[in-house]
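Taking this note's numbering, the leading residue of the sequence shown gets 84, the next gets one more, and so forth.
The beta carbon of each residue, even a glycine, is placed where N, CA and C say it ideally should be.
Right, one structure below, let's go through it.
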Amino acid sequence: MGALKKGVLAFLRFWQVFISPLYPPSCRYYPSCSNYAIMAVEKHGVLRGMMKAMWRVLRCNPFSKGGVDYP
């Protein structure tokens with residue numbers, strides 16, 4: 084695993100443990116957006132995984148139906 088990938092995954096886990104608990108749960112999808120980002124980076128690599136994660140965050144809004152969505 085490359086250093087960039089390790090760094091991105093470490094940041095996402097930091098977000099889940101320290102930042103995310105400060106906000107109320109609001110994700111309309113399962114798995115949560117941060118879990119989706121981790122799964123996408125592990126499966127597709129940093130560039131494509133983060134692009135998929137950003138697209139997921141943009142879709143997570145009050146007008147979205149939500150549901151189960153895996154990378």
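When the Cα atoms are used, what is the spatial distance from residue i to residue j?
i	j	result
P107	C116	14 Å
Y153	A123	8 Å
R111	L92	22 Å
C143	N118	14 Å
G90	P145	31 Å
Give the DSSP-derived three-state secondary structure of residue i in the structure shown.
i	result
Y153	coil
Y57	Outside the shown range of the chain, which is 84 to 154, sits residue 57, and nothing can be said about it.
What are the start and end residues of the alpha helix (DSSP H) that includes residue i?
i	result
R96	A86 to F97
C116	C116 to H127
Within 10 angstroms of the Cβ of residue i, are there 16 or more other Cβ atoms? Answer buried if so, exposed if not.
i	result
G100	In the sequence on display, residue 100 carries Val and not Gly. Result: exposed.
A136	buried
G132	buried
A86	exposed
V151	exposed
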